[in-house]
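Chemist: The working numbering puts the first residue of the sequence shown at 1, with every later residue one more than the last. Before anything else, here's the structure in question.
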Amino acid sequence: MAAYDTLCPGCFIEKGKTAVCPHCGYDENERSPLALPHRTMLDGRYLAGRVLGKLGGFGITYLGWDVRLETFVAIKEYLPRDMAGRDTDRATVAPHSKEDEKLFRYGLEQFLQEVRTLAKFDHANVVRVRTFFEENDTAYLVMDYYKGITLEEYRKQKGGKIPEKLAMDIMMPVLDGLREVHAKGFLHRDIKPQNIYLTKDGRPILLDFGAARFAMGERSRSLSVVLTPGFAPYEQYHKRGKQGPWTDIYSCGATLYTMVTGKVPPEAIERKEQDELVPPAGIINNISESLDSAIIKSLAIESNDRPQQVRDFQDMLMDETSEPPVKPKPIPEAEQKPTPKPKTKQKSTYMPYSEIEPKKECDYLNAPTNITSILKQYWKPILFCAIGSAIGWIIDEVIGIIIGAAIGTAIGIIAGGTIGSIIVGVVGMVITIWQIEKARHNSRHT
Ligand SMILES: Nc1ncnc2c1ncn2[C@@H]1O[C@H](COP(=O)(O)OP(=O)(O)O)[C@@H](O)[C@H]1O
Ligand SMILES: [Mg+2]
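What follows is the structure in structure tokens.
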């Protein structure tokens, strides 16, 4: 795909042949061999770009470029690392053994099921699926790409804790989205700050529906890819644990807990032995009673003691005189009925929070002003120009500096080889000549 060879996989802007993008600073050399090669064309239409987040245990999420629509997308590739790897062609995914193949196939089926369910959602706070296809002996899910950061990144930017009102403003729309998910008889099962995305225009979005992961978890060897300590309730640790909306409610409670206290709750399995959960009010002093008590109720170890439906939890969060959770009633996932609209006594205070800063590392939103990326790109002509000028200065003050700077810059350009380098070189030369002329002018007058 020669036509796309010069597109940066970090921002999909034309960048020439350099490894480091002058626009966003993305360095092509830093690519894990497990990921698809940069700019791999998928489904004849999507180019694979940089890896979003970290390489997951279950799959890899890439920034993608839809060459037809010329828009960004997020592409999730099914690649359970425990049981499969990349073949020598660097594209095909192959199970490690015959035994692994069975589980791999089963997971692929589950992944497809998950996509079908996800595709049915049309909610502002749930990630939007564009398409799904099979290629390279695996499967790919294509989603809308959102500019923004994860709630976890946002929390860290804020110094670890998020003020109560803002935390509520983020959680309420997430719960709205979750109601829709539950109404379709589906559970998220991995809600945590890393899986809630905050778009630049202030919209929280639920990402990463890991149904396949969990279905496989029952057969897989490692639980670590299946649940997240601190956010997963006790029932997720057991094959026959009774899961339902209350399972996601526990994770939302843990997410709220982390947002306001800056601490992750102790692991559910440890709490079952000895509960050392400190209530939020024991960690921070300015938390409202309603939030403190709603978080504690949602984090009940026994699923029956938690709010049973998202609507109950939302009511608790919004109402100081909230009623105790409705009588527990196990609901098989498939039989869940759509939940009626919440009886909100108070409007959600959610407002876009424009103060979300864009990602620091490689984001086209702020990249051109990134001094490190400029230095990374232009260090060769700058260095050679400086060395040349210094040598020239020693040999012959005025003429020497010009020739030295010129030769130095030229070497730098050859070594750097970009149009950007030439511009830097020329600017360097102009400044040098201007300085020399100024010095001459001054010496004529003295
Ligand atoms: N649609 C999307 N838009 C923008 N970023 C995304 C999108 N989907 C995923 N990401 C980013 O990629 C990361 C990993 O994606 P995720 O679906 O959570 O997979 P996993 O956790 O299994 O690796 C997220 O934390 C987020 O930073
Ligand atoms: Mg995730």
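Note that beta-carbon positions come from the ideal geometry of N, C-alpha and C, so glycine has one too.
How many angstroms separate the CA atom of ASP315 from the CA atom of VAL260?
Modeler: As a working mapping, residue 315 is identified with position 315 in the sequence shown. As a working mapping, residue 260 is identified with position 260 in the sequence shown. Computed Cα separation, rounded: 19 Å.
Chemist: The beta strand (DSSP E) spanning LEU141 covers which residue range?
Modeler: Position 141 of the sequence shown, counted from the start, is the residue given in the question as residue 141. Looking at the DSSP string, the run of the beta strand (DSSP E) that includes LEU141 is 138 to 144.
Chemist: With PRO173 and THR255 assumed to form a contact (beta carbons below 8 Å), what rounded beta-carbon distance in angstroms separates them?
Modeler: One-based indexing of the sequence shown puts residue 173 at position 173. One-based indexing of the sequence shown puts residue 255 at position 255. No, PRO173 and THR255 are not in contact; Cβ-Cβ is about 13 Å, not under 8 Å.
Chemist: Any heavy atom of ligand 3 closer than 8 Å to the Cβ of ASP248?
Modeler: Although ligand 3 was asked about, the structure shown includes only ligand 1 and ligand 2 as ligands.
Chemist: What do you reckon, is the C-beta of ASN195 under 8 Å from a heavy atom of ligand 2?
Modeler: Taking the first residue of the sequence shown as position 1, residue 195 is located at position 195. Correct: ASN195 has its Cβ closer than 8 Å to ligand 2.
Chemist: Less than 6 Å between C-beta atoms, sequence neighbours within five positions excluded: which residues of the same chain meet that for ILE296?
Modeler: Position 296 of the sequence shown, counting from 1, holds the residue named residue 296. So the qualifying residues of the chain are PRO279.
Chemist: Please return the same chain residues whose Cβ sits closer than 7 Å to the Cβ of THR228, not counting the five positions on each side in sequence.
Modeler: Translated into the one-based positions of the sequence shown, residue 228 becomes position 228. Taken in chain order, the residues that qualify are ASP190, LYS192.
Chemist: Since SER298 contacts GLY253 with CB under 8 Å, what's their CB separation in whole angstroms?
Modeler: In the sequence shown, the residue the question calls residue 298 occupies position 298. In the sequence shown, the residue the question calls residue 253 occupies position 253. Indeed they touch by this definition, with Cβ atoms about 3 Å apart.
Chemist: Could you give the first and the last residue of the continuous beta strand (DSSP E) run that contains VAL93?
Modeler: Taking the first residue of the sequence shown as 1, we reach residue 93 at position 93. Taken as a continuous stretch (DSSP letters only), the beta strand (DSSP E) holding VAL93 covers 93 to 95.
Chemist: State the Cα-Cα distance for the pair TYR154 and TRP393, rounded to the nearest angstrom.
Modeler: Counting from 1 along the sequence shown, the entry for residue 154 is found at position 154. Counting from 1 along the sequence shown, the entry for residue 393 is found at position 393. C-alpha separation (whole angstroms): 50 Å.
Chemist: Using a 10 Å radius around the Cβ and a threshold of 16 neighbouring Cβ atoms, would you call GLU77 buried or exposed?
Modeler: Taking the sequence shown and counting its residues from 1, the one referred to as residue 77 is at position 77. Per the 10 Å Cβ criterion, buried.
Chemist: Go ahead and pull the three-state DSSP assignment for GLU397.
Modeler: Indexing the sequence shown from 1 puts residue 397 at position 397. DSSP places GLU397 in helix when its eight states are reduced to three.
Chemist: Work out the CA separation of VAL430 and ARG81 for me, nearest whole Å.
Modeler: What you label residue 81 is simply residue 81 of the sequence shown in a count that begins at 1. What you label residue 430 is simply residue 430 of the sequence shown in a count that begins at 1. C-alpha separation (whole angstroms): 55 Å.
Chemist: For LEU383, which of GLY408, GLN113, PHE58, VAL51 has the nearest alpha-carbon?
Modeler: Numbered from 1 along the sequence shown, position 383 holds the residue referred to as residue 383. Out of GLY408, GLN113, PHE58, VAL51, GLY408 has the C-alpha closest to the C-alpha of LEU383.
Chemist: Going straight from the alpha carbon of MET351 to that of GLY202, what length do you get?
Modeler: Here the question's residue 351 lines up with position 351 in the sequence shown. Here the question's residue 202 lines up with position 202 in the sequence shown. Reliability fails at MET351, whose pLDDT of 34 lies under 50, so the model's placement of it is uncertain and no value is given.
Chemist: Mapping DSSP to helix, strand and coil, what is PRO245?
Modeler: If you number the sequence shown from 1, residue 245 lands on position 245. Correct three-state label for PRO245: helix.
Chemist: My output table needs one value for ARG271: the three-state DSSP class, helix, strand or coil.
Modeler: Position 271 of the sequence shown, counted from the start, is the residue given in the question as residue 271. Three-state result, ARG271: helix.
Chemist: Among the residues of its own chain, which have a CB less than 7 Å from the CB of LEU277, if the five just before and after it don't count?
Modeler: Reading the sequence shown from its first residue, position 277 is the one you call residue 277. Closer than 7 Å at Cβ, skipping near neighbours: PRO265, PRO266, ARG271, LEU299.
Chemist: Look at the alpha carbon of THR432 and the alpha carbon of TRP379, and state the distance between them as a whole number of angstroms.
Modeler: As a position in the sequence shown, residue 432 is number 432, starting the count at 1. As a position in the sequence shown, residue 379 is number 379, starting the count at 1. Distance between the alpha carbons of THR432 and TRP379: 18 Å.
Chemist: Can you tell me where the alpha helix (DSSP H) with GLY177 in it begins and where it stops?
Modeler: Taking the sequence shown and counting its residues from 1, the one referred to as residue 177 is at position 177. 164 to 183 is the extent of the alpha helix (DSSP H) around GLY177.
Chemist: Kindly examine ligand 1 and report whether one of its heavy atoms sits closer than 8 Å to the Cβ of ASP201.
Modeler: The residue you call residue 201 lines up with position 201 of the sequence shown. Incorrect: ASP201 has no Cβ contact closer than 8 Å to ligand 1.
Chemist: Can you tell me whether ARG34 is buried or exposed? The criterion is at least 16 other CB atoms within 10 Å of its CB, across all chains shown.
Modeler: Translated into the one-based positions of the sequence shown, residue 34 becomes position 34. The amino acid at residue 34 is misidentified as Arg; the sequence shows Leu. So LEU34 ends up on the exposed side.
Chemist: How about GLY210 and PHE58: do their beta carbons lie closer than 9 Å?
Modeler: Taking the sequence shown and counting its residues from 1, the one referred to as residue 210 is at position 210. Taking the sequence shown and counting its residues from 1, the one referred to as residue 58 is at position 58. Against a cut-off of 9 Å, the Cβ pair of PHE58 and GLY210 comes out as a contact.
Chemist: Bridge partners for THR131 per DSSP, in chain order?
Modeler: On the sequence shown, position 131 is the one that residue 131 refers to. According to DSSP, THR131 bridges with VAL142.
Chemist: Where does TRP434 land, buried or exposed, given buried means 16+ other C-beta within 10 angstroms?
Modeler: To locate residue 434, count along the sequence shown from 1; it is residue 434. The residue is exposed, with fewer than 16 neighbouring Cβ atoms inside 10 Å.
Chemist: Taking Cβ positions, are ALA268 and GLN308 nearer each other than 9 Å?
Modeler: Here residue 268 is taken as the residue at index 268 of the sequence shown, counted from 1. Here residue 308 is taken as the residue at index 308 of the sequence shown, counted from 1. Going by C-beta atoms, ALA268 is not nearer than 9 Å to GLN308.
Chemist: Taking the Cβ atom as the reference point for each residue, do LEU47 and TYR106 lie within a distance shorter than 9 Å?
Modeler: Locating residue 47 in the sequence shown gives position 47, counting from the first residue. Locating residue 106 in the sequence shown gives position 106, counting from the first residue. No, they are not a contact pair.
Chemist: For HIS23, is the classification buried or exposed, using 16 other Cβ atoms within 10 angstroms of its Cβ as the cut-off for buried?
Modeler: Locating residue 23 in the sequence shown gives position 23, counting from the first residue. The residue is buried, with at least 16 neighbouring Cβ atoms inside 10 Å.
Chemist: Please tell me whether, using a cut-off of 8 Å, the distance from the CB of PHE58 to the nearest non-hydrogen atom of ligand 1 is below it.
Modeler: Translated into positions along the sequence shown, residue 58 becomes position 58. Flag set: Cβ of PHE58 near ligand 1.
Chemist: Within 10 angstroms of its Cβ, does PHE121 collect 16 or more other Cβ (buried), or is it exposed?
Modeler: Residue mapping note: residue 121 aligns to position 121 of the sequence shown, counting from 1. PHE121 should be labelled buried.
Chemist: Please classify ALA74 as buried or exposed, where buried requires at least 16 neighbouring CB atoms within 10 angstroms.
Modeler: Position 74 of the sequence shown holds residue 74. Its Cβ being crowded by 16 or more others within 10 Å, ALA74 is buried.
Chemist: Let me know the secondary structure DSSP gives PHE313 once reduced to three states.
Modeler: Taking the sequence shown and counting its residues from 1, the one referred to as residue 313 is at position 313. If DSSP states are grouped into helix, strand and coil, PHE313 belongs with the helices.
Chemist: Excluding the 5 residues preceding and the 5 following GLU320 in the sequence, name in chain order all residues of the same chain whose CB lies nearer than 7 Å to its CB.
Modeler: As a working mapping, residue 320 is identified with position 320 in the sequence shown. Only weak support exists for where GLU320 lies, its pLDDT of 49 falling under 50; the value from the coordinates is given anyway. Around GLU320: GLU289, SER290.
Chemist: Where are the beta strand (DSSP E) runs, 3 residues long or more, that stay fully inside the region 51 to 119, in chain order?
Modeler: 59 to 66, 71 to 78, 84 to 86, 93 to 95
Chemist: Taking only the alpha-carbon atoms, compute the straight-line gap between GLU109 and THR258 and give it to the nearest angstrom.
Modeler: For the purposes of this step, residue 109 is taken as residue 109 along the sequence shown, with counting starting at 1. For the purposes of this step, residue 258 is taken as residue 258 along the sequence shown, with counting starting at 1. Each residue's Cα considered, the two are about 34 Å apart.
Chemist: Determine the DSSP secondary structure at TYR501, reduced to helix, strand or coil.
Modeler: Look at the range of the chain in this structure, 1 to 446, and you will see that residue 501 is not part of it.
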